[in-house]
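Structure, as C-alpha cells:
Protein chains in written order, with the UniProt record's numbering: chain A, 1 to 241; chain B, 1 to 241.
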C-alpha cells in the first residue's frame, strides 16, 4: 500500500522530532500574533498535521503548548548569552547582543508578547520562565566581570541594564526596527559601560571590575571610541572638580 | 429619628466622597495583595460598607473597581513628576525620585502588582493606564532637558532609564527595601547622568542637553560628587585616548 508523500513524511518523524516540529510551528505563530489569537487549529494547520495529533503531544492543550513553546524560546535565548571569557569586555558584550538582537529581530511580535506577558494564558509558570532568562543573562554578565561574590550594587546595576535592554528591544520593534541593529547594539554597549562606571564611583567592588575591564579595552574598540566621544562633552564641566 | 454614629457617617458622604473612600480602600488592599486575591467583599469590609453599595458605585464589579483604583494610583504617581524647571537638573530629579520612591514604599506590593500586570484581570485598558504613566514620566523628563524636539536617541535613552527605575523599584521591594531609599535614589540620579552622557557621545542633541545641564550643576551637588568619584576609576584608562 502506498501513501501520499505528505503522509509518509507525517509517519517518519520520531516523537522528539514531531514534538520539535510542533513547537517550531507554535513559536512562529506566537512570533506574529498574541498568544490569545493563536488556536490549536492554527498550530495544527501550520505544522500540516491534525488537531488530535497536537492534542496527543500536548494533552494540556493550548496552555501546555504555549508554555513548551516559551520554554523552547527561552532555551534558544539563553544560548545567545554564552560567550568565551576572552578579550575586551565590550567585544564579548557586542557579540552576545548581536545574537540576542538577532533573536528579537527574528521573533518580533512573539518576543514582545513573551516579555510583556500580556496574554490571557499567562501564569506564574510562564512568568518564571521569562524571569529565568533574565536571571541567566545577569549571571552570564556577572561571570564576565570576574568578580568572586557580586554584591547588591553591582547586581542591581546589571539587572537594571538588562531591563533597559528589554525596553530598548520593545521600543525598537515598536518603531519599525529603527535605528539599524548595529547602532542599537553599540548604544547598549555604551550604556552598559556608562552605568557600570557610575556605580563604580560608590562601590569599590564595581570599581575593581571597571578597572580590570578598562585595562583590556583598546583605543579602536567601542569603549575607546566612547571615551573619546564623551570627553569633549564633559570637558566644560571643570567647575565640578 | 436618630441613627447610630456609624450609620450617620455612612449617610453623610457625597457621591464623590464615597467613591473616593471606596478607591482608597481598594488601593490599600491591592497594595498588599495581588488583584486576583482581593474580592469585592474585602473592599466592602475595608470601607465599612455593604457589598451592594460597592456594586452601586462600581456596577462593573471587580474589573471596574480595579481599573478605577489603578487610574487613581496612576494619577497620584503622575503628580510625583511635577517639578519646577529651576536649579540644577540633578536636584529636580532627586526631588521627583523622592516622591516616586515614597509612592513605591507606601504601596509596595500593590505597586509591584500594578507594574508587573501579572493579574487575572489585566486588560489592554489596565496596560494602557500603566503605559500612560511611563509616557508622562518621559515627557516630564524631556521637558526638563530643555530640548525643543527630542529625537529618537534621546527619547530612547530616557525611556530605557525609566524602565530601569521601575526594575530598581521592584528589586528594592523584593530585597526587603534595601538599600535605604536615599542611597537608591542617588544611584538612580547617577545612572541617569551616566546614560545621558553616553548617548551624548553619539547624539549632538543629547550633547547639547548634557552641556546645558552640566553648566547648572554645582561641585557639592550629586553630579559634582559623581564626577569626582568616577575620575580616579577611569584615570587609568589613558591608553584609550
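Backbone N, C-alpha and C define an ideal beta-carbon position, used for all residues, glycine too.
- Counting only Cβ-Cβ distances below 9 Å, residue 241 of chain A has contacts in chain B at 219, 224, 227, 228, 231, in chain order.
- The C-beta distance from residue 172 of chain B to residue 188 of chain B rounds to 10 Å, too long to meet the 8 Å contact threshold.
- Put simply, the backbone Cα of residue 67 of chain A is about 14 Å away from that of residue 54 of chain A.
- Relative to residue 106 of chain B, the option among B/57, B/91, B/177, B/37 whose CA is nearest is B/177.
- Assignment of residue 58 of chain A by DSSP, reduced to helix, strand and coil, places it in the coil class.
- Look at residue 200 of chain B: its C-beta is under 8 Å from a C-beta on chain A.
- For residue 163 of chain B, the chain A residues whose C-beta falls within less than 7 Å of its own C-beta are 163, 164, 167, listed in chain order.
- According to the DSSP assignment, residue 83 of chain A belongs to no alpha helix (DSSP H), since it is labelled neither H nor E.
- The continuous stretches of alpha helix (DSSP H) do not include residue 239 of chain A, and DSSP gives it neither H nor E.
- With 16 or more neighbouring CB atoms inside 10 Å of its own CB, residue 201 of chain A falls in the buried class.
- Contact with chain A is absent for residue 49 of chain B, since none of that chain's Cβ atoms lies less than 8 Å from the residue's Cβ.
- Residue 194 of chain B is positioned such that its CB atom lies closer than 8 Å to that of residue 194 of chain A.
- Cβ neighbours of residue 27 of chain A within its own chain (closer than 8 Å, five residues either side excluded): 69, 72, 73, 107, 110.
- For the C-beta of residue 171 of chain A, the chain B residues within less than 7 Å are, from N- to C-terminus, 156, 159.
- Using a Cβ-Cβ cut-off of 8 Å, residue 207 of chain B counts as an interface residue toward chain A, since at least one Cβ of chain A sits closer than that to its own.
- Listed along chain B, the residues sitting closer than 9 Å to residue 195 of chain A by beta-carbon distance are 164, 190, 191, 194, 195, 198.
- When only Cα atoms are considered, residue 148 of chain A and residue 104 of chain B end up about 32 Å apart.
- For residue 179 of chain B, the nearest CB of chain A lies under 8 Å from its own CB, placing it at the interface with that chain.
- Residue 85 of chain B sits close to residue 144 of chain B, with the two beta carbons spaced by under 8 Å.
- Put simply, the CB of residue 210 of chain A is near chain B, with a gap under 8 Å to one of its CB atoms.
- Assigned with DSSP and collapsed to three states, residue 227 of chain B falls in helix.
- In the DSSP annotation of this structure, the continuous segment of the alpha helix (DSSP H) that includes residue 183 of chain A starts and ends at 181-200.
- DSSP places residue 208 of chain A in the uninterrupted alpha helix (DSSP H) bounded by 204-216.
- Judged by beta-carbon spacing, residue 165 of chain B lies beyond the 8 Å limit of residue 138 of chain B, meaning their Cβ atoms are not closer than that value.
- Listed along chain A are 197, 210, 214, 227, each with a C-beta nearer than 8 Å to that of residue 234 of chain B.
- Closer than 8 Å to the CB of residue 34 of chain A there is not a single CB belonging to chain B.
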